[in-house]
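Undergrad:
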Amino acid sequence: YAGPLTAEGEIISATVSEMKVEGSPRAGAYLYSGTVQGQTTGLHGFRVRILPAHEDLGNPLAMNCITWG
Numbered sequence: 008y009a010g011p012l013t014a015e016g017e018i019i020s021a022t023v024s025e026m027k028v029e030g031s032p033r034a035g036a037y038l039y040s041g042t043v044q045g046q047t048t049g050l051h052g053f054r055v056r057i058l059p060a061h062e063d064l065g066n067p068l069a070m071n072c073i074t075w076g
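When the letters of the sequence shown are read in order and numbered with the numbering used here, they come out as residues 8 to 76.
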């Protein structure tokens with residue numbers, strides 16, 4: 008979740024980029040990577056939204072399973 012920042016530090020006109028798992032988990036921890044490309048000059052910000060995804064999982068939005076970092 009990335010985009011230009013307002014004077015108050017809020018992200019506007021955000022774009023969403025999916026991250027991918029890198030390798031196998033180590034000690035129960037996963038490493039994810041992704042790429043964000045800036046389209047304009049100026050101040051930009053980004054946030055990471057963690058949203059579970061699995062074919063057997065119901066709607067994660069309805070389950071309140073989102074974490075922002």
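The C-beta atom is built at its ideal place from N, Cα and C for all residues, glycine as well.
Locate the beta strand (DSSP E) running through alanine 60, then write down its first and last residues.
TA: Working through the sequence shown from its first residue, we reach residue 60 at position 53. Unbroken run through alanine 60: none, as it is neither H nor E.
Undergrad: From Glu62, His61, Ile57, pick the residue whose C-alpha is nearest to that of cysteine 72; which is it?
TA: Sequence index remark: in the sequence shown, residue 72 carries index 65 (1-based). It is Ile57 whose Cα lies nearest to the Cα of cysteine 72.
Undergrad: On the CB-based measure, 16 or more other CB atoms within 10 Å of its CB, does alanine 21 come out buried or exposed?
TA: To locate residue 21, count along the sequence shown from 1; it is residue 14. Exposed, since its Cβ has fewer than 16 Cβ neighbours within 10 Å.
Undergrad: Is DSSP giving proline 11 helix, strand or coil here?
TA: Against the sequence shown, residue 11 aligns to sequence position 4. Looking at proline 11 - three-state DSSP - the assignment turns out to be strand.
Undergrad: Let me check understanding here. Comparing Cα to Cα, which of Pro11, Ala69, Thr42, Thr48 lies closest to proline 59?
TA: On the sequence shown, position 52 is the one that residue 59 refers to. Looking at the Cα atoms, Ala69 is the closest of the given residues.
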